[in-house]
Amino acid sequence: MIAVILSAGVGRRLAPLTESIPKALIEVGGRPLIWHTLVALRYFGVSEVVLVVGHRRELLQKQLRSGFSGITLHWVENEHYAQTGSLYSLWLSRGYLGGPFLFMDADLLFNPFILAGLPEWTERSRLLVGPLDHDSGEEVKVYQEQGLAVAIGKNVRVQAPLAGEALGIISVAAADAPLAISLMDALIRMAPQTEHEELSQALCQHRRLWVEDIGHQAWLEIDFLEDVSRARQEVWPAIQQQVAAVGRQDIFADS
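Okay, so the sequence shown: first residue is 1 according to the UniProt record's numbering, each after it adds one.
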C-alpha cells in the first residue's frame, strides 16, 4: 500500500508558527510531525510515500533531503496551494494511486499502533474514527450503520448512530481506487477549494467506506496554537506510555 501525506496547506490558524515552517515540521517530542508519521507508516509495512507539498515546501524537502530509511519518497507540488483545498492536493497524486492507498493530513500526531491493522485493510476501504470527547464545531463527525460509514462532516446530522470523530486517515481498497479517482475528478471540477472530507462523504454515499474504531489510542489533529501545547504536554507523553505498555518502544528508534 502506498501512503499520501497532504502537506501543502498554509495552516493559517497556526500563525505565526506556520508563517516560517509548514505544519509537517512542527516539533513534538523533539521531532517534526513528518518524522512521527513516517516512522508509523514504515513500522507497519508502508515502503512508498507521496508527499504533496506547497507552503514552505523547500524546508520540508531540506528536512528529508537524505530520504527516510526504508521508505521511497515521491514529491508532488501543489503550485496553487493558497487557492485550493486538500482534495486538490490528493488529486494531484492520482498518478501514484493505481492500487490500494492511504491518505492523511500532515498535521496529525498519533499512536503508531492506530495503523496496526493496515496489512488487512486492502479488502475494504476504511475511515479511522476515535471517540468524540467534545464537540466544538471543528470536529469531523462520522455516523455509521452496522460498521458502514453513512455520513461524515462537521455539521452533519443524520438518523444513524454516531461512530465518533474522524482522524483524517483514510485507506482506500484496490477495488475502490478507480471509484475514488473518478469521484475526485468530479469534485475538483465543481470546487477545487474542497477538502478531502468531501471524498470520504462521496465514498459513504456509495456505501464503500467502513469505520475503523481506534478505541482510546492517543491522537490529535493540530489545528490551533493551543493544540501544539497540548500535543507536547499531553498527547505525546500519552503515546509514549501506550507504546511502552505493549513493549514496543523500538518503534521510535532513530532513522
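No residue lacks a Cβ here, since even glycine has one placed at the ideal position from N, Cα and C.
In this text, all values refer to a predicted model and were calculated from it rather than measured experimentally.
Check the DSSP bridge columns for residue i and list the partner residues they point to.
i           : result
residue 3   : 49, 102
residue 26  : Residue 26 is not bridged to any residue.
residue 127 : 170, 211
residue 77  : 53
residue 32  : 27
residue 114 : DSSP, once it has assigned bridges, lists no residue as partnering residue 114.
residue 59  : Beta-bridge pairing links residue 59 to no other residue.
residue 71  : 68
residue 41  : DSSP lists no partner for residue 41.
residue 108 : 221
For residue i, which residues of its own chain have a beta-carbon under 8 Å away from its beta-carbon, when the five flanking residues on both sides are left out?
i           : result
residue 289 : The question about residue 289 has no answer here: the residues shown for the chain are numbered 1 through 255.
residue 243 : 111, 112, 113, 249, 251, 252
residue 63  : 25, 32, 34
residue 47  : 70, 71, 72
In chain order, what residues of the same chain have a beta carbon less than 7 Å from the beta carbon of residue i, not counting five sequence neighbours either side?
i           : result
residue 231 : 28, 109, 220, 222
residue 238 : 218
residue 207 : 148
residue 198 : 87, 187
residue 84  : 78, 192, 193
residue 67  : 73
Among the options, which has the Cα closest to the Cα of residue i?
i           : options            : result
residue 81  : 38, 24, 11         : 11
residue 9   : 227, 95, 252, 52   : 52
residue 33  : 54, 15, 6, 102     : 6
residue 245 : 143, 111, 213, 193 : 111
residue 159 : 143, 15, 213       : 143
residue 225 : 107, 146, 30       : 107
residue 251 : 75, 37, 189, 227   : 37
residue 155 : 138, 54, 195       : 138
residue 98  : 16, 113, 4, 135    : 4
residue 189 : 118, 235, 253, 91  : 91
residue 185 : 95, 152, 15        : 95
residue 169 : 102, 151, 228      : 102
residue 196 : 153, 157, 66       : 153
residue 236 : 13, 30, 20         : 30
residue 15  : 48, 141, 233, 228  : 228
residue 200 : 167, 216, 215      : 167
residue 89  : 125, 50, 61        : 50
residue 61  : 47, 241, 76        : 76
residue 145 : 241, 234, 205      : 205
Leaving out five residues on either side along the sequence, give the residues of the same chain with a beta carbon under 6 Å from the beta carbon of residue i.
i           : result
residue 115 : 40, 44
residue 57  : none
residue 18  : 11
residue 202 : 183
residue 23  : 11, 106, 107
residue 213 : 129
residue 118 : 44
residue 42  : 70, 71
residue 54  : 8, 78, 81
residue 124 : 173, 210
Any heavy atom of the ligand GTP inside 6 Å of the beta-carbon of residue i?
i           : result
residue 172 : Absence of the ligand GTP from the depicted structure is noted, as is the absence of any ligand whatsoever, leaving it without description.
**OP:** Please list the segments of the beta strand (DSSP E) lying wholly inside the region 135 to 221, counting only runs of 3 or more residues, in order along the chain.
**Re:** 141 to 145, 148 to 153, 162 to 172, 209 to 213, 219 to 221
**OP:** Answer yes if the region 156 to 164 comes into contact with the region 129 to 146, meaning at least three C-beta pairs across the two stretches below 8 Å, and no otherwise.
**Re:** yes
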